[in-house]
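Sequences listed follow chains F and R, in order. Numbering of the first sequence is given in the working numbering, commencing with residue 24 and proceeding in unit increments. Numbering of the second sequence is given in the working numbering, commencing with residue 2 and proceeding in unit increments. Inspection log for the structure reproduced underneath, given as structure tokens.
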Amino acid sequence: MQSLFVHLKPDNLIIMACKQIQLISLTLLLSQIIIGCDSNDNSSKYPDYALVEKLGDTATAENASNSGHGFSTPIPTLTDDELAQHLTGDVHFETAFTTAPNTEHPELDGLGPVFNNQDCNSCHQRDGRSSTLTIPSTQDRILLGSSAGIFLRMSIEDGLCEYPDADNEYCNNVGVEGFGTQLFHRGVLKARDDWNAQAPDTANPFIGQANVYLSYESSTYTYPDGSSVELKKPLFDIEIPYDVESDDQTSSAIMQDNVRFSPRNGMPVFGLGLLELIAEEDILALEDEDDTNSDGISGRANWVFDPIKARDGDDTPISLGRFGWKASTPSVRVQSLGALRGDMGITNPLFPDESIANTSMHESYLTRTNNEDTGTDIYGDTEASQSFSDDVVFYAETLAVPARRDIDDEDVLAGSILFEQSQCTACHTPSFTTQTGELSIGGKDAPEALKGQKIYPFTDMLLHNMGDELADNRRDFMADGFEWKTRPLWGIGLTKTVNPAAGFLHDGRANTVEEAILWHGGEAAISRTLFANLTSVQRSQLVSFVMSL
Amino acid sequence: MFKKSCLSILVSVTLLSACGSDNDDDNTSFDFDATPMITNLTEDVIVAGYVDLNTKAEAFVAAITTLSTDKTEANLAAAQQAWKNVRQPWEQGESHIFGPVDSLGIDPHLDSWPLNTSDLEDLLSSQSSFTADGVRNSNDDVQGFHTMEFLLFGDGVEDNTKAITEMTDLEIEYLASAAEVFEGYTQDLEDAWLVASDANNASSEAYKDYLLETDNEVYSSQVGVVEELINGLIGIVDEVGNGKIAEPFGSDIDNTDTSLVESQYSWNSLADFTNNIIGVQNVYRGEFEDAADAQGIIDFVSATDSELATRIDDEISAAIANIKAIAGTDDLPFRQAIGDADARVRIQTAIDSLTLLQASLENDVLLLLNEWNVQ
């Protein structure tokens, strides 16, 4: 298989960046003069997004956009019935599942038997990003446990996948034998047959498929003006995999050279229904795979397997990828219910099989526990019901987008210009208008509240090469090991308000927006260079604009 | 070519732009200097509450240590009382459940529900000893308040008393390990607010400073802090009225669910609910019960509508009184009250008062943020 993506050469990137710096210097000087004016009639001076307060149009949050509740309010224009469903889904989002069997509450049982967390909220704290874990000075690393909102995806290296079809299994990743495509580092009691072993074996009766340890590698970024920023990059060690003895760990299926891992942090869950209702053609119109406009940016779509289309008998179960760090899921429904089954081990009507079904681990667990946690009950029903699934998906589809703050602030306004001049908008596309008419979302009728909205998500929904430093070197459907989907920036300024320990980027490595910018490489290296060459005041202004979103 | 066109555009823009002044004032706007209120609520309500929590957690650990070394009925009773004592500031603190309690995962570590009794009993029947490290690495549903409550009080079905003879040495060992882990988290919480929000980074801000000195990465202005506090009040009133009370209460007497009752093992439920709303009162009034007057949300409301300020205060007091009244003259615990016809009338009254309070906070207090001329 061959990539359709054209990787830009570093030399070209540098030349383009230098040209941009020359161009930008005059405009920055002049724009600073303009920004000195106190006028509020600023509409003609700034990019059209600069003075937009309601980033979600009428789907913008009310009376919550300055505080930690900013990601957690329902779209205000939902009908009464829709609001009731949203609130039910809200409860489900925080529902912690327990070990099967739970005789008092069978609707809550079925956790795992191996998993990454027990409820949605633990990885999407207050509907936002999860906490980036820090390491005590007395330790070199920490074990991922209940506080971790991050996990590792994994698969066997098998080259690139050009376009999904039946012959190539629709570009689905190939899982690791006995493990699958996601490493579940936690378990219920007795998940492993050696659950009661002592050190140096498991020594933790709640161990999952393996222990995962987190440490950091530090580096320093130095700006042209001599100032510097300390950066950290997460590293992961895997130990005591379940499929081998502790003195033979290198023989494990996940310890082989052809296994690729990709860390994935929890991400915000508001505004997702709006993103799903952006017209496909509007996103595809932004594709520029061969960089025909020579701006150094060549976004492309990730076409992915769509389990809903497959369920409904579609001959071509392929859709545009929209969600996840690599745009590898087509809808909020597939993303959410995939996480329910994967991250928590809760089977549901869309994904009725346990995440570790047909592995030796599951078979051993079932044998030892009298066939508890098979994924279905005696009536053939999955652990999460259809209504539970529908409600929790609807919740994630209908969380409002927080409004902006400080839009009249002079630094924010100046930053809005710098944001455009630094070519951030080349990928962080400011605006779309969602579709109208008879529409479905995840196979269900779409709420009217999501339709016809002029939204400002600041994403093109496409994949871009982000360079070596961010690369996970793991394919995900059509996305290669360097590509990531452009993250929406709406609400990003509330990240620390919602969760002060949250980090940015796919593995939470960036503690600030500034650090996140400095990790931009590949196609985005141009923007990083432009940013780095600004004065410290201008850099601060640009960050202020992003923080106002 | 570019320079020429760019320059002409910029010049044109400059000429076209009009400079003027902003004027947000209207008839309903009001002034209020929030600094004294935020300072008081941060220092003397929130942080003071967490210090109290940690102090009582230390006392709880001491009580468990005593029980471990001297296994007597009296020491078990003292440990049970110590559990109820440390429960009080925790439940009151649920009126402001934001910041480190959430970001450090302390809420699920301390207060996960439902308890995984199946795993807990399996652990007790399979292990020969327990350590704090072992409990710390366990899932949240076998540690924290409710695990310790289960071990101290029993299953709560018939009674909330547990004879010392019913308590095994291994249970006490698990309890001691869980208590040590628990106190570590309450210390972390206090330190995050008072010393450094990231315990592993000494130069990180004490969390309280984010509230006291806004225009930072957490709160861009005091509007955010006041909005946080008011939404926090709404959140717990909603949770108590529509969750903690209404869900076990069910639609009628034939559809109750005792398994959903919070603190069902100790029969401390009504104290929990009462403390939740006393927590609301603490933030609203700006002081703990019977303390000297200090600034709270009531002063923010009074700045524009003193009648409303008093009405909200009355509604909070009524909600507290109505929750307390659920027990009735025969002092029914909540677990039993949901199945008693007379008590159900009293429960409905409490729910109604919480519904009224929630509506007032949402419709009357929160919207004042839009009229406030923040300084």
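Even glycine gets a Cβ: it sits at the ideal position worked out from N, Cα and C.
8 Å contact criterion, which F/Asp338 and F/Phe138 should meet: CB distance rounded = Not really, about 34 Å apart at Cβ, beyond 8 Å.
Taking Cβ positions only, does R/Ser130 come closer than 7 Å to chain F?
-> Taking Cβ atoms only, chain F never reaches closer than 7 Å to R/Ser130, which makes this a no.
At least one CB of chain F closer than 7 Å to the CB of R/Val241: is that the case?
-> No, because no Cβ of chain F sits closer than 7 Å to the Cβ of R/Val241.
If we call anything under 7 Å between Cβ atoms a contact, is R/Ser139 one with F/Phe120?
-> Not closer than 7 Å, so no.
Cβ separation of F/Ala324 and F/Leu297, assumed to be a contact under 8 Å, to the nearest whole Å | Taking a contact as a CB-CB distance under 8 Å, the pair F/Ala324 and F/Leu297 does not count as one, their CB atoms being some 19 Å apart.
At 7 Å on the CB atoms, spell out the chain F contacts of R/Ser178, in chain order.
-> Per Cβ cutoff of 7 Å: no residues; R/Ser178 is ~14 Å from chain F at best.
Residue(s) in a DSSP beta bridge with F/Lys256 = F/Lys256 is bridged to F/Glu240.
Around the C-beta of F/Gln162, are 16 or more other C-beta atoms found within 10 angstroms, so that it is buried, or is it exposed?
-> Exposed: under 16 other Cβ atoms inside 10 Å.
For R/Glu184, which residues of its own chain have a beta-carbon under 8 Å away from its beta-carbon, when the five flanking residues on both sides are left out?
-> Cβ neighbours of R/Glu184 beyond the five flanking positions: Asn55, Ala58, Glu59, Phe61, Val62.
When DSSP labels each residue in this structure, what does F/Gly203 get in the three-state scheme?
-> Strand, per DSSP.
How about F/Asn394 and F/Gly151: are their beta carbons less than 7 Å apart?
-> Not closer than 7 Å, so no.
Same chain, Cβ closer than 8 Å to F/Thr482, five either side skipped, listed in chain order | If we look at F/Thr482 and ignore the five residues flanking it on each side, its Cβ neighbours are Leu298, Cys450, His451, Thr452, Lys508, Thr509, Arg510, Pro511, Leu512.
Check whether the segment 210-221 of chain F touches the segment 111-124 of chain R, counting contact only when three or more Cβ pairs, one atom from each stretch, lie closer than 8 Å.
-> The count of Cβ pairs closer than 8 Å, one atom from the segment 210-221 of chain F and one from the segment 111-124 of chain R, reaches three, so the stretches are in contact.
For F/Ile515 and F/Pro70, believed in contact at Cβ under 8 Å, the rounded distance | The beta-carbon separation of F/Pro70 and F/Ile515, rounded to 17 Å, does not stay under the 8 Å limit for a contact.
Whether R/Ser113 touches R/Asp141 by CB criterion (7 Å) | Between R/Ser113 and R/Asp141, the CB-CB gap stays under 7 Å.
Of all Cβ atoms in chain R, is any one closer than 7 Å to the Cβ of F/Leu573?
-> This structure leaves residue 573 of chain F out entirely; chain F is present only between 24 and 572.
Answer with yes or no whether the minimum CB distance from R/Val284 to chain F is below 7 Å.
-> For R/Val284, no CB of chain F lies under 7 Å from its own CB, so it is not counted at the interface with that chain.
Just the Cα atoms here: how many angstroms apart are R/Asp160 and R/Ile348?
-> When rounded, the distance between both Cα atoms is 21 Å.
Would you please verify whether the beta carbon of R/Ser270 is less than 7 Å from any beta carbon of chain F?
-> Proximity of R/Ser270 to chain F, defined by a Cβ-Cβ separation below 7 Å, is not satisfied.
Using the beta-carbon of each residue, which ones in chain R are nearer than 7 Å to F/Ser429?
-> A small correction: the amino acid at residue 429 of chain F is Asp; Ser does not occupy that position in the sequence shown. Correct list: Ser221.
For the segment 93-107 of chain R, which residues have a CB atom closer than 9 Å to at least one CB atom of chain F, in sequence order?
-> Within the segment 93-107 of chain R, contact with chain F at the beta-carbon level (separation under 9 Å) is assigned to Phe99, Gly100, Pro101, Asp103, Ser104, Leu105, Gly106.
Give the straight-line distance between the Cα atoms of F/Glu117 and F/Asn144, rounded to the nearest whole angstrom.
-> Taking the straight line from one Cα to the other gives about 5 Å.
State the Cα-Cα distance for the pair F/Leu436 and F/Phe442, rounded to the nearest angstrom.
-> For F/Leu436 and F/Phe442, the distance between alpha carbons rounds to 10 Å.
Quick one: using the 10 Å Cβ neighbour count with 16 as the cut-off for buried, is R/Ser30 buried or exposed?
-> Note on R/Ser30: under 16 other CB atoms within 10 angstroms of its CB, so exposed under the neighbour-count rule.
Less than 7 Å separating the beta-carbons of R/Ile246 and R/Ile352?
-> With a cutoff of 7 Å on beta-carbon distance, R/Ile246 and R/Ile352 are scored as near each other.
In chain order, what residues of the same chain lie with their CB nearer than 8 Å to the CB of F/Ala14, ignoring the 5 residues before and after it?
-> Residue 14 of chain F cannot be examined here, being either before or after the span of chain F that is shown, 24 to 572.
Residues that F/Pro119 contacts on chain R, provided the C-beta gap is smaller than 7 Å | Correcting the residue type first, residue 119 of chain F is Ala in the shown sequence and not Pro. At a beta-carbon threshold of 7 Å, the residues of chain R lying near F/Ala119 are Ser113, Asp142, ordered along the chain.
Hey, F/Ser342 and F/Pro330: beta-carbon distance below 7 Å or not?
-> In this structure, F/Pro330 does not lie closer than 7 Å to F/Ser342 by Cβ.
Does R/Asp315 come within less than 7 Å of chain F when only Cβ atoms are used?
-> Residue-level contact check: R/Asp315 does not touch chain F, since none of the beta carbons of chain F fall below 7 Å from its beta carbon.
Go through its chain and collect everything with a Cβ distance to R/Ser221's Cβ below 8 Å, but skip five positions before and after it.
-> Answer for R/Ser221: Thr215, listed in chain order.
Mind checking which residues open and close the alpha helix (DSSP H) that includes F/Lys508?
-> From DSSP, F/Lys508 is part of no alpha helix (DSSP H) but of the beta strand (DSSP E) over 506-508.
Answer yes if the segment 31-45 of chain R comes into contact with the segment 285-298 of chain R, meaning at least three C-beta pairs across the two stretches below 8 Å, and no otherwise.
-> Output reads yes: the segment 31-45 of chain R touches the segment 285-298 of chain R.
Bridge partner(s) assigned by DSSP for F/Lys467 | Beta-bridge analysis with DSSP links F/Lys467 to F/Ile464.
Excluding the five sequence neighbours on either side, which residues of its own chain have a C-beta within less than 7 Å of the C-beta of F/Arg149, listed in chain order?
-> The residues Gly91, Phe94, Ser95, Val521, Asn522, in chain order, have a CB closer than 7 Å to that of F/Arg149 in the same chain once the five nearest residues on each side in sequence are set aside.
Chain-order list of residues whose beta-carbon lies under 7 Å from that of F/Phe374 (same chain, five-residue window excluded) | The beta carbon of F/Phe374 is closer than 7 Å to those of Leu360, Gly361, Arg364 in its chain, skipping five residues each way along the sequence.
Just how far apart, CA to CA, sit F/Leu300 and F/Trp348?
-> Looking at the backbone, the Cα of F/Leu300 and that of F/Trp348 are separated by about 19 Å.
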